[in-house]
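So in our numbering, spot 13 of the sequence shown is number 20, and the numbers just go up one at a time.
So the structure is just underneath, and the comments pick up after that.
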Amino acid sequence: MIKNMTRGFAATALAFAALAPASPAHADELTLVEAITSLPVAEEAREGYKRELHPHWRDDDKNGCSARADVLIAEAIEAPTVGAGCTVSGGVWHSYYDDALVSGPSGVDIDHLVPLAEVHDSGGYAWTTERRRRYANDL
Numbered sequence: 008m009i010k011n012m013t014r015g016f017a018a019t020a021l022a023f024a025a026l027a028p029a030s031p032a033h034a035d036e037l038t039l040v041e042a043i044t045s046l047p048v049a050e051e052a053r054e055g056y057k058r059e060l061h062p063h064w065r066d067d068d069k070n071g072c073s074a075r076a077d078v079l080i081a082e083a084i085e086a087p088t089v090g091a092g093c094t095v096s097g098g099v100w101h102s103y104y105d106d107a108l109v110s111g112p113s114g115v116d117i118d119h120l121v122p123l124a125e126v127h128d129s130g131g132y133a134w135t136t137e138r139r140r141r142y143a144n145d146l
């Protein structure tokens, strides 16, 4: 996801919550509003975050491209050239949040919908390295 994507996440969640049905479709399901209000609230752990604790930009799908390259390829509005070793060049990307066009992969920052530091602060500090790696590379 292009940098700045997290700006609209909270507003989007609240907007969807307002549109959620008043009662669940099945007795054992929660509405979006019920699910959000049932989330536990606790103090964040602001100590000990290090980005390197979250092994990222791996090739978990074994296609020869890192997770970063997979996102660049998938989200381009003008396809980049993919060379040997999954080297990405050229291409154009659109930032939905500031309506900017970005040419070339070096101008694109890929962020997680929930940033790694926020994951850490909100309980990810207790995750195993394997779980942090899976989260950091989830497409």
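All residues carry an ideal CB built from backbone N, CA and C; glycine is no exception.
Beta strand (DSSP E) segment containing residue i, residue limits
i	result
V99	V99 to S102
A107	A107 to S110
Pairwise C-alpha distance: residue j and residue i
i	j	result
I117	T136	21 angstroms
G98	A49	43 angstroms
E36	T88	45 angstroms
A133	D105	35 angstroms
K69	V109	28 angstroms
T44	G92	46 angstroms
V40	L46	10 angstroms
First through last residue of the alpha helix (DSSP H) which encompasses residue i
i	result
T44	L39 to T44
E125	L123 to D128
Backbone secondary structure at residue i - three-state DSSP
i	result
I117	strand
V48	coil
Y132	helix
L60	helix
R53	coil
E137	helix
E68	The residue asked about is misnamed: residue 68 is Asp in this sequence, not Glu. Coil at D68, not helix or strand.
D77	helix
Whether residue i touches residue j by CB criterion (8 angstroms)
i	j	result
P62	R138	no
A83	W100	yes
P112	S96	yes
Y56	H119	no
A81	N144	no
L79	V121	no
Residues that residue i bridges to, as DSSP identifies them
i	result
E85	V99
Residue i beta carbon near the ligand HEM (any heavy atom closer than 7 angstroms)
i	result
V99	The model on display carries no ligand, and the ligand HEM is accordingly not part of it.
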